[in-house]
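Have a look at the structure below before the remarks.
In the numbering used here, the protein residues as written are 969 to 1086.
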């Protein structure tokens, strides 16, 4: 279940950025998770629920944007939506394509509660 490691890395990055900005806590985190990123949603949600305990993200609202897969066929050059990494091109049937979108896993934004100490 690599989702635990993924969640731990997201928490580490978010906390580091929040601390640099002098945050007391993070009130909202916005994520982009591609459909082709090999993240299992149920496992990710479980890891998130338990991973954020006692962190700056403990009370944060999480907004997740699912990014659909998009590929370009290397043979016919058609761009098409792809549900799985090795789906064939619906136009020519070729299995060789370049992934254009859907393998993302990134923090889009953080909303923080800043320290009032100067």
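Glycine included, each C-beta is placed from N, C-alpha and C at the ideal position.
All figures in this text were calculated on a predicted structure; none of them were measured in a lab.
Any idea which residues DSSP pairs residue i with across the strands?
| i | result |
| --- | --- |
| residue 1048 | 1039 |
| residue 1065 | 1041 |
| residue 1082 | 991 |
| residue 996 | 1029, 1079 |
Do residue i and residue j have their CB atoms nearer than 9 Å?
| i | j | result |
| --- | --- | --- |
| residue 999 | residue 1075 | yes |
| residue 1037 | residue 976 | no |
| residue 994 | residue 1032 | no |
In whole angstroms, what separates the C-alpha of residue i from that of residue j?
| i | j | result |
| --- | --- | --- |
| residue 985 | residue 1052 | 33 Å |
| residue 1028 | residue 1056 | 40 Å |
| residue 1045 | residue 1054 | 16 Å |
| residue 1065 | residue 978 | 29 Å |
With DSSP run on the structure shown, which of helix, strand or coil describes residue i?
| i | result |
| --- | --- |
| residue 1002 | strand |
| residue 1018 | helix |
| residue 1055 | coil |
| residue 1075 | strand |
| residue 1032 | strand |
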